[in-house]
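Residue numbering for the sequence shown follows UniProt numbering, beginning at 1 and increasing consecutively. Beta carbons: idealized from backbone N, C-alpha and C, even for Gly. Keep in mind it's a predicted model, so treat the numbers as computed, not measured.
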Amino acid sequence: MKNYTMLQGRIKRYMVKYVKNRSDQLRIVKSCHIDNTSGHFGVKKTVAQIKERFLWKGVWKDAKDVVASCNQCQRMNKNPIVTVTELHPIPVHAPWHHWVEAIPLPFKCSVGVAQALFKILMRMGLPKQLTSDQGGEFRSNFEKQIMSLLSVKRHYITPYHPQANGLDERWNQTLKHMIVKFTSDRKDQWDDFLDTCVYSYNTAKHESTNYTPFELMFGRKANLPLDLDFESLNVENLLNEYRTSEPEKVTTFLIAYCRIQIN
1 MKNYTMLQGR IKRYMVKYVK NRSDQLRIVK SCHIDNTSGH FGVKKTVAQI KERFLWKGVW
61 KDAKDVVASC NQCQRMNKNP IVTVTELHPI PVHAPWHHWV EAIPLPFKCS VGVAQALFKI
121 LMRMGLPKQL TSDQGGEFRS NFEKQIMSLL SVKRHYITPY HPQANGLDER WNQTLKHMIV
181 KFTSDRKDQW DDFLDTCVYS YNTAKHESTN YTPFELMFGR KANLPLDLDF ESLNVENLLN
241 EYRTSEPEKV TTFLIAYCRI QIN
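Right, dumping it as structure tokens:
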């Protein structure tokens, strides 16, 4: 059911829409790269986001031009060193579907970290094992007591070997770069952009799975602002098309519709 999602309380099916209007083409590319929910990713992820919904000749060239002319990305590429002494987001990464979470903290203390982890686990479910580095904030008695009460095993990577937890380290770097791109000269407001950074990552297609983390977590595609702007999802039009051209597909579609509602 990867081609279906929920929009305005109804089951919708994604249909690739051919875009002829040049101004619409450019607006779509900019939306898939520059919008707060797009993450300022590179050309490949930007094109993947577009081609899930739209199609026209020259998509790759348009994406390359927009990414190359993006001020935030160019500043980041020229000065890739990220200083995060004032940033204290606690990033959490699920390796099976690459779903990520991040909670802003005013101070990186053991009690704050333990409470943040507890909130995530209560909302997303309990893992068999929780892996982290050996930072003091992750090894407090308070945190150990919480994990013990939840029957969650704790595992700590070898000191000074971050490559042992490579997925988390890559997510940490990606998050830092995204925050810098979004905040620019407003680094003291980084926590205002944290949720959009996380949403951008979770709704971008991952190369190792060919799905977005959102799809693997919820079994459907995420809605983006551009879906609402361009009405790329329209179940009524799809059914009308089937009724006139291929009536037998109506039954198949309605069965899929009912299955999604039940699940």
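For residue j and residue i, the rounded distance between their alpha carbons
i	j	result
LYS17	CYS197	27 Å
ASN36	SER200	8 Å
LYS20	ALA68	23 Å
ALA63	LYS181	18 Å
SER110	VAL29	42 Å
HIS98	GLY219	14 Å
LEU126	ASP168	18 Å
TYR128	LEU150	The identity of residue 128 in the sequence shown is Lys, whereas the question assumes Tyr. Their Cα atoms are separated by approximately 10 Å.
HIS177	TRP190	11 Å
LYS22	ALA222	One detail in the question is off: residue 22 reads as Arg in this sequence, not Lys. Taking the straight line from one Cα to the other gives about 26 Å.
ILE34	GLN134	36 Å
Under 7 Å between C-beta atoms of residue i and residue j
i	j	result
ALA204	PHE54	no
ALA116	ILE103	yes
ALA147	ARG139	It is Met, not Ala, that sits at residue 147 in the sequence shown. No, Cβ-Cβ distance for MET147 and ARG139 is not below 7 Å.
For residue i, the three-state DSSP class (helix, strand or coil)
i	result
TYR257	Only weak support is given to the placement of TYR257: the predicted model assigns it a pLDDT of 47, under 50, and the value that follows is read from those uncertain coordinates. The answer is helix: DSSP assigns TYR257 an H, G or I state.
LEU239	In this prediction, LEU239 scores a pLDDT of 48, lower than 50, which makes its location untrustworthy; no coordinate-derived value is stated.
ALA102	strand
HIS40	coil
LEU130	strand
LYS176	helix
PHE142	helix
Span of the alpha helix (DSSP H), counted from its first residue to its last, around residue i
i	result
SER200	190-202
THR46	43-51
PHE230	225-230
CYS32	22-33
LYS61	59-68
Span of the beta strand (DSSP E) around residue i
i	result
LYS153	153-156
HIS93	89-94
Paired residues, beta bridge with residue i - DSSP
i	result
HIS206	TYR211
LYS17	PHE54
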